[in-house]
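Heads up, the thing below is written out as structure tokens.
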Amino acid sequence: MNTTRNVFAAVLGLSFLGTGFAAEAAPAQSFPFGQAVKVGPTTRTITITMRDNLYEPETVAVKPGETIRFVVLNRGDLLHEFALGQPNDHAKHQEMMKTMMDHGMITATAVNHEAMKMDMGPGGHAHGPESASVLVEPGKQGELTWKFTKAMTVEFACTIPGHYESGMVGTIDLNAE
Ligand SMILES: [Cu+2]
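Its first residue numbered 135, the sequence shown is counted upward by one per residue in the numbering used here.
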């Protein structure tokens, strides 16, 4: 019985729900408010800057039916995440992120690519373009593209331990005119 392996398996299982570490063969992620898509002709780009610990801007207006490519810049000194979800999605995601940190898959400032690779198998650590979240190391940028289909309460949040609580959360305003 290999406990470490079991924990990683549990993390992996959860990862399909929203970490951005879905294996390449995994289907594009979806939520009640939309789904991950590839960049296309109708895509609009929104740039989000992440600092320790906040987003700029904190609110973005999107119309249901729009496809948005989020370009996410990390201008802080810490590892940050940009994850789309409803508030309860983020709560679940926070537990998983804590497990990943406890097991050294991420640190306060970096993604441990070796641990991720070991865990995911060869070619396994595709970060986020087909998922609802992306982890971005300090000084780097990431992106994901999402089609919003429904006016609901949607947040973007960082679920790295302590960050959401200290205010690293923003709003996708799907009701704006
Ligand atoms: Cu953060």
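Glycine residues also receive a C-beta, built at the ideal position from the N, C-alpha and C atoms. Computed from a predicted model, the values in this text were never measured in an experiment.
Distance check between residue 285 and each of 166, 178, 268 places 166 closest, using alpha-carbon atoms only.
Per DSSP, reduced to three states, the secondary structure at residue 176 is coil, with no helix or strand assignment.
By DSSP's assignment, residue 307 forms a beta bridge with 195. Residue 222 has its CB no nearer than 7 Å to any heavy atom of ligand 1. In the structure shown, the three-state DSSP call for residue 277 is strand.
Assignment of residue 297 by DSSP, reduced to helix, strand and coil, places it in the coil class. When secondary structure is reduced to three states using DSSP, residue 208 falls in the strand class.
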